[in-house]
Amino acid sequence: DDAEAVEYLQQALQIDNGDYKTWRDLGTMHAKMEDHGKAVELLTNALSKIGPEDPERDAYLIKVNLIHLLFHLERLDESEVYINDLASSYEGNPYVAYLSGLYNYLKRNYEIAVNKLSQTHAVLPNHLPTILLLGALHFAENNLEQANILLTRYVNQVPTHLVARKLLGEVKLRLDKPREALALLESGDVNSNDEQIMTMIGLAASQSGEYSRGIDFLKKAVEANPSDTRIREELAKLYINHGAVDDAITELEDKWVGQSSKRDTLLILSYIKKQDFVSARKLSDQLLQRDGGRTEDLHLRALIELNSGSRNSARRYLSDAVHKNPEFIPGQLALARMDLEDGRLIAGSDRLNLVLAREPRNVNAMMLLAQISERSGKQQEALAWLEKAVESGHNPWLPRVILARYYLRRKEPEKAAVYLDDDELRKSSNPAIRSMLAMLDQQGGHYDEAESTIVKLLKDNPQNETAYLQLADLQAKRGNLNTARETLQKLDREIPTSIKGKLLRYKLEMGAANHQQAAGIIDQLLADNRTKFVGITLQANYHEALGDREKAIKGLEAHATSQAPFVIVQQLSDLYVKNKDPNSAIKLLTKWKKAHNEDQQAQLALAIVYQSAGKVRAALKLYSDLLEANPRNIVALNNSALLNFTQAPQKALAQAKQAYDLTGNSSDAVVDTYAWLTHRSGDTATALKLLGPVLESASDPSILYHYAVMLAESGREKDAEKVLVSIIDGHPEFPESEEAKQLLSEISQIKG
12 DDAEAVEYLQ QALQIDNGDY KTWRDLGTMH AKMEDHGKAV ELLTNALSKI
62 GPEDPERDAY LIKVNLIHLL FHLERLDESE VYINDLASSY EGNPYVAYLS
112 GLYNYLKRNY EIAVNKLSQT HAVLPNHLPT ILLLGALHFA ENNLEQANIL
162 LTRYVNQVPT HLVARKLLGE VKLRLDKPRE ALALLESGDV NSNDEQIMTM
212 IGLAASQSGE YSRGIDFLKK AVEANPSDTR IREELAKLYI NHGAVDDAIT
262 ELEDKWVGQS SKRDTLLILS YIKKQDFVSA RKLSDQLLQR DGGRTEDLHL
312 RALIELNSGS RNSARRYLSD AVHKNPEFIP GQLALARMDL EDGRLIAGSD
362 RLNLVLAREP RNVNAMMLLA QISERSGKQQ EALAWLEKAV ESGHNPWLPR
412 VILARYYLRR KEPEKAAVYL DDDELRKSSN PAIRSMLAML DQQGGHYDEA
462 ESTIVKLLKD NPQNETAYLQ LADLQAKRGN LNTARETLQK LDREIPTSIK
512 GKLLRYKLEM GAANHQQAAG IIDQLLADNR TKFVGITLQA NYHEALGDRE
562 KAIKGLEAHA TSQAPFVIVQ QLSDLYVKNK DPNSAIKLLT KWKKAHNEDQ
612 QAQLALAIVY QSAGKVRAAL KLYSDLLEAN PRNIVALNNS ALLNFTQAPQ
662 KALAQAKQAY DLTGNSSDAV VDTYAWLTHR SGDTATALKL LGPVLESASD
712 PSILYHYAVM LAESGREKDA EKVLVSIIDG HPEFPESEEA KQLLSEISQI
762 KG
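Residue numbers (the working numbering): 12 to 763.
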C-alpha cells in the first residue's frame with residue numbers, strides 16, 4: 012500500500028529528519044505515485060543530508076533519479092547542474108554520457124547528443140535506450156540508413172514499443188522501402204483508432220502498389236479523427252496520384268471542414284487533372300484574392316494556364332511570381348523549363364545559373380542545364396552537368412537515375428548500366444526505377460528479362476499507366492501484336508481515362524492496317540466528353556491516312572468553333588494547306604484569332620500560312636507584331652529573316668543570327684536559315700562551318716540541298732553530287748526538288 016508506506020516514512024522523518032535514506036525512500040514513493048514535483052523536493056533534501064562518510068553510490072543514484080524527474084518536468088536547466096556534477100566525478104561513465112546525450116537531445120543540440128550517445132554505445136552496445144535515442148537522432152539529422160539499422164535493432168528487441176515501430180516505419184518509407192514499412196507496421200496489434208498508424212499503413216500500402224488497401228487504411232484514419240485535415244490531405248493526394256480525380260474532388264469539396272489554402276491547392280490540382288479549367292480558374296481567382304497573390308498561388312495559376320494551352324498566360328503568372336520573390340525557385344525553374352521548350356536557350360541558361368547561385372546543389376537546375384547544352388549541340392558540356400549533379404550528393408539516388416535516363420534516351424545502355432547497376436537500386440520498389448531497369452534490359456537485347464521486370468512491376472502496381480504502355484510497346488516491337496493489344500485493353504479496363512493507351516492502340520492498329528479496330532478506338536474516344544476532342548483529331552488523321560482528305564476536313568469543320576481547342580483549328584488549317592486551299596486556312600485562323608484576343612499561337616500559325624501562300628507582306632506584318640510582343644520568338648525571327656533577305660539582307664542576317672544565338676544547334680531549321688543566308692551574303696566558308704554540326708541529324712531534304720549548293724560553290728562538286736543523288740533518290744518531291752535536279756545536271760555536264 013503506497014499511501015501507508017508514505018505515512019510510515021513521514022512518521023520516521025518526524026523522529027529523525029537527518030536520515031538521507033528516509034528522504035530518499037519518501038521521494039522514490041512520490042515518484043512512483045507520479046507526484047514528480049514533490050519527489051524532486053524530497054530527493055533534493057535527501058542529497059543535502061548525505062555526508063562524506065556515506066556511500067558515494069547512493070549520492071550517484073539520487074542524482075540520476077533527480078535528473079530523470081527534472082527531464083520529465085522539463086526543468087532542463089536544473090538537470091544540467093546534476094549532469095555536470097556527475098560528468099566531473101565519473102569521467103568516462105557510459106550512463107552519465109547517456110544522460111548527457113539525452114539532455115542535449117531534449118535541448119536540440121543534436122551534434123553533441125550524437126557524440127555523447129555514441130560514447131555510451133561504444134561501451135554498452137546493447138543498451139536499448141541508447142539505441143532508440145541514437146536512432147531517433149539519426150532520423151532527425153536525415154541519416155536514414157543509420158537510423159534504419161539502429162531502430163531495427165531496437166524494434167526487434169522491443170516489438171511492442173509502438174512509437175519506435177512508427178518511427179522505423181517512417182524511416183523505411185523515406186528510404187523508399189514501402190514493403191518493409193508495411194510488413195513492420197502490420198506486424199503488431201493494429202489499433203484502428205490510431206489514426207497515425209492507419210495513415211502510415213495506408214501510405215506504405217499505396218507506395219507498394221496496393222492502391223485499394225492504401226485507400227481503405229486512409230479512410231479508417233479519417234474515421235478515427237475526422238477533423239485531422241492532414242489525413243484528408245494524404246487521402247486526396249492518393250486519389251489524385253492514381254487518377255481517381257472525382258473521388259479527390261468529393262473528399263475536398265464535401266468532407267473537408269473549414270477554409271484552407273492546402274485544400275484549395277489540392278482541389279485546383281484535381282480540376283487540372285480533370286481538365287476542368289473553368290472551375291480551376293474560378294477557385295484560383297478566389298485564392299489569389301484571399302491570400303494576396305502569394306508566389307505559390309501564382310505558380311499554381313501558371314500550371315492551370317500551361318495545362319490548358321495558354322502558354323503566354325502561364326509565363327505571365329510565373330513572371331509575376333518571380334518578380335514578387337526572385338528567390339522563388341519553383342517559379343524560376345518553371346520559367347527556365349518553358350524557355351527550354353520554346354527554344355530560348357540563353358534566357359533559360361541565365362535563369363538556371365541564377366538558381367544555382369542561390370542553391371548550388373539544385374539537381375533540377377543542373378538537369379535542365381544539361382538539356383540546354385544537349386540541344387545546343389554541346390554534348391560534353393551536357394555530360395559535365397549531369398556528372399556534377401551526381402557529385403552534388405544532394406539526393407542519394409536521383410542524380411544517378413537522371414544520368415542513367417539520359418544514356419537510355421541516347422540508346423547507350425552500357426553507360427546507363429554504370430549508374431543503374433547498384434544493389435539498392437535493383438531492390439527498389441520505386442516504379443520509375445524498375446521501369447528504367449526494364450528499359451536497360453530492352454536496349455541491351457535482353458527482352459525476356461525486360462518483359463519479366465515490367466510484368467512484376469504491373470503486378471505490384473496495377474494502376475501504373477506508364478508500365479502498361481512500356482510493356483505493350485515492347486510486345487509490339489517483338490512482333491506480338493495480339494499480346495500488345497491485350498495489354499492495352501487491360502490498361503483500358505484498369506484506367507478507363509487513359510488517353511495514351513488508346514493512342515498507342517490506335518497507332519498499332521493503323522500500322523497493322525487493322526482499320527476496323529482503329530475506328531473502334533476512335534468511337535470510344537468520341538463517346539466520352541472528356542476525350543471527345545482527342546477522338547475528333549484522331550478521326551481526321553484516320554480519314555487522311557486512308558486517302559480521304561475531304562472527309563477529314565469536313566469532320567474537323569463541324570467542330571472547329573471558337574470554343575474548340577486550338578489543336579482542332581491547327582489541324583484543320585494544316586489540311587487546308589495540304590489541299591492547296593490556303594485561303595480557307597487564312598479565313599479560319601483569322602476568325603479564331605479575333606475570338607481569342609489576338610491569341611499568339613493562332614497569329615503565328617496564320618503568319619506561317621501567309622508565308623506558304625506567298626503573301627509576304629501579310630506574313631511579315633504578323634511576324635513583326637509577334638516580335639514586338641516577344642522579341643525572342645524563335646519562329647518569328649527565323650521566318651522573318653527568310654522573308655526579309657531579298658529587300659533587307661542585313662536586317663535578315665541579324666534576325667537569323669539572333670534566332671541562332673537563342674537556340675544554338677538545337678534547331679536544324681534555325682541553323683539552316685542562318686547558314687543559308689550567310690552563304691547568300693557571300694561567306695560560304697562560315698556557312699559550311701555553321702551547318703556542319705546538324706548535318707548528321709538533319710532529315711529535311713531542303714537543308715541537305717542547301718549543303719549541296721554550298722559544296723558546289725566551294726569547288727567540291729563531287730561531294731555535292733553525292734548529296735544531291737541521295738536526296739533526290741530519297742525524296743522525289745520537296746520544295747527545292749527541281750532546283751536540286753537542275754544543279755545535279757549542271758554538275759554532270761561539268762564532269763562531262
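Glycine is no exception: its CB is placed at the ideal position from the N, C-alpha and C atoms.
When only Cα atoms are considered, residue 350 and residue 334 end up about 17 Å apart.
Following the DSSP letters along the chain, one finds residue 524 in no alpha helix (DSSP H), marked with neither H nor E. At a Cβ-Cβ threshold of 8 Å, residue 157 and residue 139 do not count as neighbours. About 7 Å separates the beta carbon of residue 699 from that of residue 725, a gap short enough to meet the 8 Å contact definition. Per DSSP, reduced to three states, the secondary structure at residue 222 is helical. Between residue 439 and residue 468, the CB-CB gap reaches or exceeds 8 Å. With a cutoff of 8 Å on beta-carbon distance, residue 229 and residue 242 are scored as near each other. As for any alpha helix (DSSP H) of minimum length 4 sitting wholly inside the stretch 690-754, the runs are 695-702, 712-724, 728-741, ordered along the chain. Judged by pairs of C-beta atoms under 8 Å, the stretch 362-380 does not touch the stretch 665-681, as fewer than three such pairs exist. Assigned with DSSP and collapsed to three states, residue 138 falls in coil, not helix or strand. Residue 580 and residue 600 have their C-alpha atoms some 7 Å from each other. With distances taken between CA atoms, residue 76 lies nearest to 53 out of 88, 53, 60.
In terms of Cβ geometry, residue 235 and residue 209 form a close pair [threshold 8 Å].
Contact annotation: the stretch 542-550 touches the stretch 565-585, with at least three C-beta pairs closer than 8 Å. Between the stretch 28-36 and the stretch 53-63 there are three or more inter-stretch CB-CB distances shorter than 8 Å, so the stretches are counted as touching. Counting every other CB atom within 10 Å of its CB across the protein chains shown gives residue 496 a total of 16 or more, marking it as buried.
In this structure, 430 is the residue among 430, 395, 422, 396 with its C-alpha nearest to the C-alpha of residue 412. For residue 309 and residue 686, the gap between their C-alpha atoms comes out near 41 Å. Taken through DSSP and simplified to helix, strand or coil, residue 442 comes out as helix. For residue 317, the enclosing alpha helix (DSSP H) has its first and last residue at 306-318. When the Cα atoms are used, residue 628 and residue 605 turn out to be separated by approximately 20 Å. The three-state secondary structure of residue 423, taken from DSSP, is coil.
Contact between the stretch 635-653 and the stretch 668-685 is present: 3 or more CB-CB pairs across the two stretches fall below 8 Å. With the rule of 3 Cβ pairs closer than 8 Å, the stretch 272-281 counts as touching the stretch 291-301. Going by beta carbons, residue 199 and residue 176 fall inside the 8 Å limit. Distance between residue 387 and residue 357, taken at the CA atoms: about 10 Å. Residue burial is scored here from C-beta neighbours: residue 751 has at least 16 other C-beta atoms within 10 angstroms and is therefore classed as buried.
Between residue 575 and residue 509, the alpha-carbon positions lie close to 21 Å from each other. Spatial neighbours of residue 618 in its own chain (CB-CB distance under 6 Å, excluding positions within 5 residues in sequence) are listed in chain order as 630, 633, 634. With contacts defined as CB atoms closer than 8 Å, residue 347 and residue 359 qualify as a contacting pair. Here the alpha carbon of residue 461 sits roughly 8 Å from the alpha carbon of residue 451. Residue 321 is classed as buried because its beta carbon has at least 16 other beta carbons within 10 Å across all chains shown. Per DSSP, the unbroken alpha helix (DSSP H) holding residue 105 starts and ends at 105-117. At a Cβ-Cβ threshold of 8 Å, residue 128 and residue 109 count as neighbours. In the structure shown, residue 644 adopts coil according to DSSP, grouped into three states. Annotation: the continuous alpha helix (DSSP H) that includes residue 90 extends over 87-100.
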